[in-house]
């Protein structure tokens, strides 16, 4: 358990007049799957390399649900979730840089990189050997204040509305990272799954100039996929022959873990095509490498992306007016929000608006 997680303390009530500078209100779950209650937590001293942000909005992601329920075995309690944070800088450590007090910023899944290990020195801060994760090693955006290393606190471009932009810092960077690495404007790309990730992937790819075919898990999602920018939408359960006729694809981007036959999509890859799987808890890859070799095709996977790609993504989203489709709830309705997320009753992201006052 991290030092931050070990030291997190809560009290059942708080007074704003009596609050210490290191204390903040937060919606806290004290056990796996337990209901959230408003508590005062102690963040401890601000480190020299940290930025403290007053939370205004926080997107809700399935990773929050998994962490709340400890599905990955990495959660610590008391638990304060939320990793699609939008807010304003209120305090800077002595060594923090890149942002200034009062500036509106965003924070995503990652809260710390060492800047010294081999991946960090090569620019891959998201693959740091001692990576800090907001929900595992710190306190998330269900609190009134959030802290992160300055390298993971990003100024929000003026053209992106604060109330909608939060999911870009998780879902947005997750899909943009492989697009920036592997995609060219002439490519034909399949997006498998049109949800919180997929509906943003379609928008980015369309703006890149790609031909985009969306594969949806429910027939009623076909219309939504076309509305967000897909040229064509088909059932994700299409058989291998149908997929081959739809192809060949330069990239198949898998954004869902729900019952997808990846082998069928491998058969739809073109020459030097790539099957790329996104996120944690992704679909199992049950196919032979022999199926890739003949066409020089590749298989890869990723989650999140580097700070460089985050900055590129934000500029690109601002230029092309790419935003998640969101519904707002007050943060005090967090239990309802979690129930809806678990039931799949979201199109396509919920954003919680801070109401601590």
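Numbering (the numbering used here), first residue to last: 697 to 1053.
All C-beta atoms in this analysis are idealised placements derived from N, C-alpha and C, irrespective of residue type, glycine included.
For this session: Grab the span of the alpha helix (DSSP H) containing residue 772 for me, first residue to last.
Result: In the chain shown, residue 772 corresponds to position 76, counting from 1. Neither: residue 772 is in no alpha helix (DSSP H) and is coded neither H nor E.
For this session: Check whether the segment 841 to 849 touches the segment 783 to 797, counting contact only when three or more Cβ pairs, one atom from each stretch, lie closer than 8 angstroms.
Result: Yes, the segment 841 to 849 is in contact with the segment 783 to 797.
For this session: Give every residue of the same chain whose Cβ lies closer than 8 angstroms to the Cβ of residue 749, excluding the five residues on either side of it in the sequence, and list them in chain order.
Result: Translated into the one-based positions of the chain shown, residue 749 becomes position 53. Closer than 8 angstroms at Cβ, skipping near neighbours: 781, 783, 784, 785, 786, 801, 803, 841, 842, 843, 844 and 849.
Problem set entry | Collapsed DSSP secondary structure at residue 754 in the structure displayed | Here residue 754 refers to the residue found at position 58 of the chain shown. Residue state, collapsed to three classes: strand.
For this session: Find the nearest neighbour of residue 723 within the set 1037, 1033 and 1038, judged by alpha-carbon distance.
Result: One-based indexing of the chain shown puts residue 723 at position 27. Nearest neighbour of residue 723 by Cα position, chosen from 1037, 1033 and 1038, turns out to be 1033.
For this session: Would you be able to state if there are at least three C-beta pairs under 8 angstroms between the segment 831 to 841 and the segment 982 to 990?
Result: no
For this session: Answer with buried or exposed for residue 1016, where buried requires no fewer than 16 other C-beta atoms within 10 angstroms of its C-beta.
Result: Here residue 1016 corresponds to residue number 320 of the chain shown, with the count starting at 1. By the 10 Å Cβ count, residue 1016 comes out exposed.
Problem set entry | CA-to-CA distance, residue 743 to residue 958, given in whole angstroms | Indexing the chain shown from 1 puts residue 958 at position 262. Indexing the chain shown from 1 puts residue 743 at position 47. If I take the Cα positions, the gap works out to 45 angstroms.
Problem set entry | Span separating the alpha-carbon of residue 760 from that of residue 778 | Along the chain shown, one-based indexing puts residue 760 at 64. Along the chain shown, one-based indexing puts residue 778 at 82. Roughly 6 angstroms between the two C-alpha positions.
Exercise. For the segment 812 to 821 against the segment 861 to 874, are there 3 or more C-beta pairs whose distance is under 8 angstroms?
Worked result: no
Exercise. In three-state DSSP terms, what is residue 931?
Worked result: Counted from its first residue, the chain shown places residue 931 at position 235. It is a strand residue.
For this session: Give me the Cα-Cα distance between residue 1019 and residue 741, rounded to the nearest whole angstrom.
Result: Residue numbering aside, residue 1019 sits at position 323 when the chain shown is read from its first letter. Residue numbering aside, residue 741 sits at position 45 when the chain shown is read from its first letter. Taking the straight line joining both Cα atoms gives about 35 angstroms.
Exercise. So is residue 916 buried or exposed if we call it buried at 16+ other beta carbons inside 10 Å?
Worked result: The count along the chain shown starts at 1 and reaches residue 916 at position 220. Exposed, by the Cβ-count rule.
Problem set entry | Close-in-space but distant-in-sequence residues of the same chain around residue 963 (CB under 6 angstroms, 5 per side omitted) | Against the chain shown, residue 963 aligns to sequence position 267. Closer than 6 angstroms at the Cβ level, and outside the excluded window around residue 963, lie 936 and 940.
Problem set entry | For residue 926, the three-state DSSP class (helix, strand or coil) | Residue 926 sits at position 230 when you count from the first residue of the chain shown. DSSP places residue 926 in coil when its eight states are reduced to three.
Exercise. Excluding the five sequence neighbours on either side, which residues of its own chain have a C-beta within less than 8 angstroms of the C-beta of residue 1027, listed in chain order?
Worked result: Within the chain shown, residue 1027 is the residue found at index 331, counting from 1. Counting only Cβ-Cβ distances below 8 angstroms, and skipping sequence neighbours, we find 723, 754, 838, 1048, 1049, 1050, 1051 and 1052.
Problem set entry | Buried or exposed by the 16-neighbour rule on C-beta atoms within 10 Å, applied to residue 882 | The sequence position of residue 882 within the chain shown is 186, counting from 1. Label assigned to residue 882: exposed.
Exercise. Do you know whose CA, among 730, 763, 757 and 862, lies nearest residue 751's CA?
Worked result: One-based indexing of the chain shown puts residue 751 at position 55. When only C-alpha atoms are compared, the closest one is 862.
Exercise. When burial is assigned at 16 or more other CB atoms within 10 Å of the CB, is residue 892 buried or exposed?
Worked result: Position 196 of the chain shown, counting from 1, holds the residue named residue 892. Classification of residue 892: buried, given that the 10 Å Cβ count is 16 or more.
Exercise. Using the C-alpha atoms, what's the distance from residue 860 back to residue 712?
Worked result: Translated into the one-based positions of the chain shown, residue 712 becomes position 16. Translated into the one-based positions of the chain shown, residue 860 becomes position 164. Any reading at residue 712 needs caution, since the residue's pLDDT is 34, under 50, leaving its predicted position unreliable; the model's value is listed next. If you take the alpha carbons of residue 712 and residue 860, they lie about 28 angstroms apart.
For this session: Determine, using beta carbons only, whether residue 872 and residue 1001 come nearer to each other than 8 angstroms.
Result: Within the chain shown, residue 872 is the residue found at index 176, counting from 1. Within the chain shown, residue 1001 is the residue found at index 305, counting from 1. Yes. Within cutoff.
For this session: Assuming residue 875 contacts residue 911 (C-beta within less than 8 angstroms), just tell me the rounded distance between them.
Result: Looking up residue 875 in the chain shown gives position 179. Looking up residue 911 in the chain shown gives position 215. Not really, about 17 angstroms apart at Cβ, beyond 8 angstroms.
Problem set entry | Distance CB(residue 856)-CB(residue 1010) smaller than 8 angstroms | To locate residue 856, count along the chain shown from 1; it is residue 160. To locate residue 1010, count along the chain shown from 1; it is residue 314. Yes, these two residues count as a Cβ contact at 8 angstroms.
Exercise. How about residue 885 and residue 947: do their beta carbons lie closer than 8 angstroms?
Worked result: Translated into positions along the chain shown, residue 885 becomes position 189. Translated into positions along the chain shown, residue 947 becomes position 251. Against a cut-off of 8 angstroms, the Cβ pair of residue 947 and residue 885 comes out as a contact.
Problem set entry | Distance, residue 889 Cα to residue 730 Cα | Residue 730 sits at position 34 when you count from the first residue of the chain shown. Residue 889 sits at position 193 when you count from the first residue of the chain shown. One C-alpha to the other measures close to 30 angstroms.
Exercise. Just to confirm, are residue 828 and residue 808 a CB contact at a threshold of 8 angstroms?
Worked result: Within the chain shown, residue 828 is the residue found at index 132, counting from 1. Within the chain shown, residue 808 is the residue found at index 112, counting from 1. Yes. Within cutoff.
Problem set entry | Short Cβ contact (8 angstroms threshold) for residue 1046 with residue 756 | Along the chain shown, one-based indexing puts residue 1046 at 350. Along the chain shown, one-based indexing puts residue 756 at 60. Going by C-beta atoms, residue 1046 is nearer than 8 angstroms to residue 756.
Exercise. According to DSSP, which residues form a beta bridge with residue 995?
Worked result: By 1-based counting over the chain shown, the position of residue 995 is 299. Beta-bridge pairing links residue 995 to 971.
Exercise. For residue 796, is the classification buried or exposed, using 16 other Cβ atoms within 10 angstroms of its Cβ as the cut-off for buried?
Worked result: Numbered from its first residue, the chain shown carries residue 796 at position 100. Exposed, because fewer than 16 other Cβ atoms sit within 10 Å of the Cβ of residue 796.
For this session: Could you name each continuous beta strand (DSSP E) segment of 3 residues or more that falls completely within the segment 766 to 847, going from the start of the chain to the end?
Result: Whole beta strand (DSSP E) segments, 3+ residues: 781 to 788, 800 to 803, 806 to 808 and 841 to 845.
Exercise. Given residue 727, which residues of its chain have a CB within under 6 angstroms of its CB, disregarding the five upstream and five downstream residues?
Worked result: The residue labelled residue 727 in the question sits at position 31 within the chain shown. Closer than 6 angstroms at Cβ, skipping near neighbours: 773.
Exercise. Which partner residues of residue 746 appear in the DSSP bridge assignment?
Worked result: The residue you call residue 746 lines up with position 50 of the chain shown. Per DSSP, 845.
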